[in-house]
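Chains A and S supply the protein sequences, listed in that same order. This note's numbering applies: residue 1029 is where the first sequence begins, and numbers increase by one. This note's numbering applies: residue 59 is where the second sequence begins, and numbers increase by one. Worksheet: one structure, shown below.
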Amino acid sequence: MAFKIDSRVGVTTAYRWRNILSNYIFLAPVVALNLIVIVIPSLTSIYISMNKWSGLNQPEFVGLANFERLINDPIYWKSLSHNVIWTIFFLTIPVFMGLMGAFLLSGIKRFQMVYRVAFFIPYVIASVVNTELWRTLLHPRHGIGAWLAKQGIEGFDIRVFGSKHTALYGVAFVDSWHFWGFLVIVYLAAMYQVQPDLYEVAILEGASRFQRFRHVTVPGIRPTLVFTLLMIMIWSVPAFDYIYLLTDGGPAHASEVLGTYLYNMSFFRFEVGYAAAIGVTMALITACIVAIFVILRRRGWEI
Amino acid sequence: MKRLSLVLLALIVIVPAVGAQGDVVTVTWWMEPSGSDDHVQELIIDVFNASHDNIKIDYQPQESINDQLRPALQAGVGPDIVWLAGNAAASQYVAGGFLLPLTGYADAYGWADKLLPWAYGAGIVAGELYSIPVTYESMVLFYNKTVFEENGWEVPTTADELWSLAQQTADMGLVPFPYGNATWQPSNEHLMGIYLNNYAGPDNVYAALTGEKAWTDSEFAEATDLLREHIADLGWFGGSLEDYYSLGGSDNTAMLASGEGTMMMSGTWMFRGLGPAFEETGMEWDWAPLPLFSEDADMQVGPYSYDLALGGNLGVNAATEHPEEVGVVLDFLLSDKARILELASTTGFGEWVIPLRYEIEDFPPGTDERVLRFHSDFAATTGAGRYGYTAWTFWPARANQQLWEAIELVWAGEMSVEEYLENHAAEWAQDAADGLVLSILPRE
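See below:
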């Protein structure tokens, strides 16, 4: 009997090892792929960031000179500050709209799918199309503002992308317009996972709709909510396409972010080493964001 | 046995002959899409392929070619013929050893005698020819002729007349110079180049380009400040600085064609877009040379001059396996003025005007008189030594980018003209230290 038990344990252990091994074998292609497309380029970027290199000539090792230059580069810091503003913008406005949209949609049955599709469509349209659409709508001479001005309604004919005061926020608005529908769908899916009993109890207790949202919905979707916040913070670091297409970082660097600054350094100025240094700092910022979330999670935060 | 020997003999003779006939070399050519690619295919590529049994051109317009070319050449998989975004880009590729010297072809085929001297010279890096130009351009003053005639205005021939008319049109609620950089931020360099050349004078610009004069000198500071005043304080370009940043190429043309704008300082690539825009409005356009902006005798080179400009270059991948065939292709481009002008005519002579030594008779019948007038006057004026320098043709990459990008800080009031020019001089010094300052033919 004892032999049988030992034997069974032995079989189980062997099975477990085989199982673990097969897992690693199946993971191997993905690991290999990531090594090729992420790890090796990342390590190469770190090396390039310590070189003066046009991307074409022979690299010249300069140590940390590119990073020293970054410290004294006002446009770099300006760009970084715009990334921070961009992140705050996306952590608030689209998230609030996404939550509200999902909560309101969760309460209706008829035509819900129509609304979901309508909200989601901008997300699947190419950024080039979205930006051209909004460039036309906000055009200073034949956009909505100009049309309203012709009707005698003043105050809306502003040069959203042409003013250094509004360019960054204008681009962020267009990008969030395409993005918030995605959040609606994500939050709506999460809301359907919240136990209906909780809502019933809340209703019996006399909770208002806002109270149900505040005390049942939000805690119920907290993991999803926090995950989207994390992703927004990570995605905000390499923000590029909408800014590049609408303002290219201008006017006067008013909408410059790290991504556009890096691109211009690399492709207009042929300063690939310096661009790589900017890229390394972007990777470090992303790593810090992830690290903060990991630490919070280890401290027991339900995220 | 005899029969077998005959068969073998026939195979020995015939097979290599068949093989030789089938030994076709394909020359690949990457080009920036220009909207004329169907015409290039029809008038250049198809004609070449039909007339050459052993060489075929595979013409490939590439979107975002600047982003694609560098990794392709580094990976050794690039095309044989490459389009380059100007001389500054070409010099970077030369520094990396990615371009084949073309001096041998030039000598063998006599390209120096086919191309305009300044355009040929612009492709020389460290004594070797590395690229040939695709098109040549200059900066002129376009204007709405209908609006001018309705108001009884004369075409300005001096700076005073130009600024006076600009103010007059602004006072009338019109836009003096419809222009904006919303679709191409480097458009700033069009204006910076005009003001540097037309205010400081081409001689001074040449002296600065060749390191004999400082970019921080007063002539350049005054020129930069004059543009700042016109664009930021007076809002002459686009209607206001914010409009300038909001308007793109088609907006500029539409404003001029509608009469909402009156004049436009721009390049002769506009020949392409003005015709269709003015056809829509039923108005007429014309152009005139830009007057010099300063009356200081030291800066004068004559009543006016033309800035020299090239729109893109063609180079040869150093790793090409078909250098001889590539030479044949490039020489085909440079050898038939009529064919090139026919191609250029499909763009309204806004693109593909390879700077060959044209006579006015070379232009096809029916060519717009305004286009003929430009090419005729450009040849006479530049031939007399009255020419300036555009930034995208004669500036090295970093200094060029600083020129058009940092100027927005000056216009925004966030940087002084002095600091801007000091930074420009520093960028120039860095380019010089890296050996990237472009060679320029001595002024005649």
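We put the beta carbon where it would ideally sit given N, CA and C, even for glycine. All values derive from a computational prediction rather than experimental measurement.
Out of curiosity, what's the CA-to-CA distance linking residue i and residue j?
i               : j               : result
P349 (chain S)  : T215 (chain S)  : 5 Å
F1118 (chain A) : S403 (chain S)  : 50 Å
E144 (chain S)  : L1312 (chain A) : The residue you asked about is not Glu; residue 144 (chain S) is Gly in the sequence shown. Those two C-alpha atoms are separated by around 36 Å.
Y302 (chain S)  : T1245 (chain A) : 48 Å
A1200 (chain A) : E219 (chain S)  : 44 Å
P454 (chain S)  : G155 (chain S)  : 17 Å
G134 (chain S)  : G1301 (chain A) : 21 Å
V1090 (chain A) : R456 (chain S)  : 19 Å
P423 (chain S)  : H97 (chain S)   : 18 Å
T1041 (chain A) : Y1052 (chain A) : 17 Å
F1241 (chain A) : F1131 (chain A) : 7 Å
A78 (chain S)   : N112 (chain S)  : With a pLDDT of 46 at A78 (chain S), under the threshold of 50, the predicted position of this residue should be treated as unreliable, and no value is reported.
R1325 (chain A) : D1101 (chain A) : 36 Å
V1265 (chain A) : A1218 (chain A) : 26 Å
A355 (chain S)  : P361 (chain S)  : Low confidence applies here, because A355 (chain S) scores a pLDDT of 46, under 50, leaving its location unreliable; read the following figure in that light. Going by the C-alpha atoms only, they are around 11 Å apart.
I182 (chain S)  : A1177 (chain A) : 54 Å
A164 (chain S)  : G406 (chain S)  : 29 Å
By the three-class DSSP mapping on this structure, what secondary structure does residue i have?
i               : result
Y237 (chain S)  : coil
D229 (chain S)  : helix
Y1220 (chain A) : coil
T84 (chain S)   : strand
M328 (chain S)  : helix
F295 (chain S)  : strand
F1124 (chain A) : helix
I498 (chain S)  : coil
I1186 (chain A) : coil
E280 (chain S)  : helix
P349 (chain S)  : strand
L414 (chain S)  : strand
L1166 (chain A) : coil
K1080 (chain A) : strand
I990 (chain A)  : Given a span of 1029 to 1331 for chain A in the structure shown, any question on residue 990 (chain A) remains unanswerable.
M313 (chain S)  : helix
V1285 (chain A) : coil
V183 (chain S)  : strand
W453 (chain S)  : coil
L160 (chain S)  : coil
W1263 (chain A) : helix
L1119 (chain A) : helix
G319 (chain S)  : strand
F1089 (chain A) : strand
R1044 (chain A) : helix
Span of the beta strand (DSSP E) holding residue i?
i              : result
S189 (chain S) : S189 to P191
Q118 (chain S) : I113 to P119
G446 (chain S) : Y445 to Y447
I139 (chain S) : I139 to L142
For residue i, which residues in chain S fall below 7 Å Cβ to Cβ?
i               : result
L1084 (chain A) : R128, Q150, Y151, A153, G154 and F156
S1191 (chain A) : E300
P1168 (chain A) : D301 and S304
R1097 (chain A) : Residues of chain S passing the Cβ test: none, with the nearest at roughly 12 Å.
R1044 (chain A) : What R1044 (chain A) touches in chain S: nothing, since even the nearest Cβ is about 45 Å away.
Can you give me the start and stop residues for the alpha helix (DSSP H) that residue i sits inside?
i               : result
N371 (chain S)  : Run containing N371 (chain S): none in the alpha helix (DSSP H); it sits in the beta strand (DSSP E), N371 to V374.
N202 (chain S)  : Note, N202 (chain S): premise wrong, no alpha helix (DSSP H); beta strand (DSSP E) at M197 to N202.
A1304 (chain A) : V1300 to R1326
D365 (chain S)  : Here D365 (chain S) belongs to no alpha helix (DSSP H); instead the beta strand (DSSP E) covers Y364 to L368.
Y253 (chain S)  : N246 to Y253
F421 (chain S)  : From DSSP, F421 (chain S) is part of no alpha helix (DSSP H); its letter is neither H nor E.
E466 (chain S)  : I465 to W469
E480 (chain S)  : V475 to A491
K555 (chain S)  : As shown, chain S starts at 59 and ends at 502. That puts residue 555 (chain S) outside it, with no answer to give.
P381 (chain S)  : P381 to L392
Find the residues of chain S that neighbour residue i, judging by a C-beta separation of less than 8 Å, and give them in chain order.
i               : result
A1280 (chain A) : E466, L467, W469, A470 and E472
By the criterion of Cβ-Cβ separation under 8 Å, what are the contact partners of residue i in chain A?
i              : result
A455 (chain S) : F1296, R1297 and F1298
D229 (chain S) : Result: empty, since nearest Cβ-Cβ is about 20 Å, beyond 8 Å.
Q459 (chain S) : N1292, F1296 and R1297
D291 (chain S) : Neighbours of D291 (chain S) on chain A: none; closest Cβ ~15 Å, over 8 Å.
D261 (chain S) : None at all; the shortest Cβ gap to chain A is about 29 Å.
Could you tell me which chain A residues have their CB closer than 7 Å to the CB of residue i, listed as they occur along the chain?
i              : result
Q243 (chain S) : D1276 and G1278
N124 (chain S) : F1295
At a CB-CB cut-off below 9 Å, which residues of chain A make contact with residue i?
i              : result
D283 (chain S) : The contacting residues do not exist; D283 (chain S) stays about 17 Å from chain A at best.
Closer than 9 Å by beta-carbon distance: list the chain S residues that pair up with residue i, in chain order.
i               : result
R1242 (chain A) : Under the 9 Å cutoff, chain S gives no residues; its nearest Cβ is about 42 Å from R1242 (chain A).
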